[in-house]
Amino acid sequence: GDILLDGVRINDIPTNKRDVHTVFQSYALFPHMNVFENVAFPLRLRKVDKKEVEQRVAEVLKMVQLEGYEKRSIRKLSGGQRQRVAIARAIINQPRVVLLDEPLSALDLKLRTDMQYELRELQQRLGITFVFVTHDQEEALAMSDWIFVMNDGEIVQSGTPVDIYDEPINHFVATFIGESNILPGT
470 GDILLDGVRI NDIPTNKRDV HTVFQSYALF PHMNVFENVA FPLRLRKVDK
520 KEVEQRVAEV LKMVQLEGYE KRSIRKLSGG QRQRVAIARA IINQPRVVLL
570 DEPLSALDLK LRTDMQYELR ELQQRLGITF VFVTHDQEEA LAMSDWIFVM
620 NDGEIVQSGT PVDIYDEPIN HFVATFIGES NILPGT
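Going by the working numbering, the first residue of the sequence shown is number 470, and it counts up by one from there.
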């Protein structure tokens with residue numbers, strides 16, 4: 470298959486040169502680097518000037534509410550703080566797309582709910598497209614402008630959360646998306 474970004478095929482562009490960043494379920498932070506170094510890493514790969522690196526890291530750490538954590542070891546952070554570092558690193562280059570692979574799955578319910586709100590707010594403020602992979606139906610309904618329901622690697626239905634919930638295309642989508650009234654009929 471092809472990978473298209475704004476209608477342009479990007480298959481042959483090296484991953485570090487694509488305007489797409491990823492937040493992995495495990496966060497994939499560098500344990501030997503502190504918070505500042507983890508967030509600055511993508512900028513340093515692109516050989517951004519030191520002063521600009523400092524300014525941009527400060528800006529994104531403020532956005533994710535981690536001001537004052539610059540020198541902190543990754544190992545000394547909570548799960549929620551690590552997730553914020555991973556998000557800061559993903560948005561530091563102001564990409565067009567951020568892929569989030571179940572980034573909230575390891576968090577407790579309260580923090581998970583808080584982070585859903587914060588991620589949605591951050592996405593809207595920055596205007597970056599977030600592709601958020603989740604197996605949590607409530608999370609998908611709460612956070613999304615548009616949902617793709619997949620089964621066995623195939624898209625079964627796409628639409629707004631209201632469309633998917635109110636008008637599931639088939640029994641699989643109806644049962645997958647949550648508490649639905651499924652009435653047998655002829």
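C-beta atoms are modelled at their ideal positions from N, C-alpha and C, and glycine is treated no differently. Predicted model, so just to flag it, every value in this text is computed and none were measured.
DSSP beta-bridge partners of residue i
| i | result |
| --- | --- |
| T598 | V566 |
| E623 | N620 |
| S542 | N503 |
| H490 | V567 |
| G628 | I616 |
| R478 | L473 |
Rounded straight-line distance, which links the Cα of residue j to that of residue i
| i | j | result |
| --- | --- | --- |
| V489 | V567 | 6 Å |
| I646 | I633 | 8 Å |
| E607 | E523 | 38 Å |
| L580 | R553 | 12 Å |
| K516 | R487 | 16 Å |
| G470 | I479 | 11 Å |
| L514 | G654 | 59 Å |
| S495 | G549 | 12 Å |
| N485 | G628 | 31 Å |
| N639 | G622 | 16 Å |
| D481 | D475 | 15 Å |
| A643 | I624 | 14 Å |
Among the options, the one whose alpha carbon lies nearest that of residue i
| i | options | result |
| --- | --- | --- |
| A575 | K516, R525, D605, R478 | D605 |
| V529 | D621, T484, V508, S613 | V508 |
| P500 | R478, D481, R551 | R551 |
| I560 | K519, I482, M532, A643 | M532 |
Cβ pair residue i, residue j closer than 8 Å
| i | j | result |
| --- | --- | --- |
| L535 | A557 | yes |
| T598 | R565 | yes |
| L610 | P630 | yes |
| F493 | K540 | no |
| M584 | F601 | no |
| L595 | N562 | no |
| A555 | L591 | no |
| S547 | N503 | no |
| T491 | D614 | no |
Residue i burial status per 10 Å Cβ neighbour count (16 or more: buried)
| i | result |
| --- | --- |
| M619 | exposed |
| R525 | buried |
| L578 | exposed |
| V477 | exposed |
| Q626 | buried |
| P572 | buried |
| I472 | exposed |
| Y538 | buried |
Beta carbon proximity, residue i to chain C, threshold 8 Å
| i | result |
| --- | --- |
| S542 | No chain C appears in this structure, which consists of one protein chain only. |
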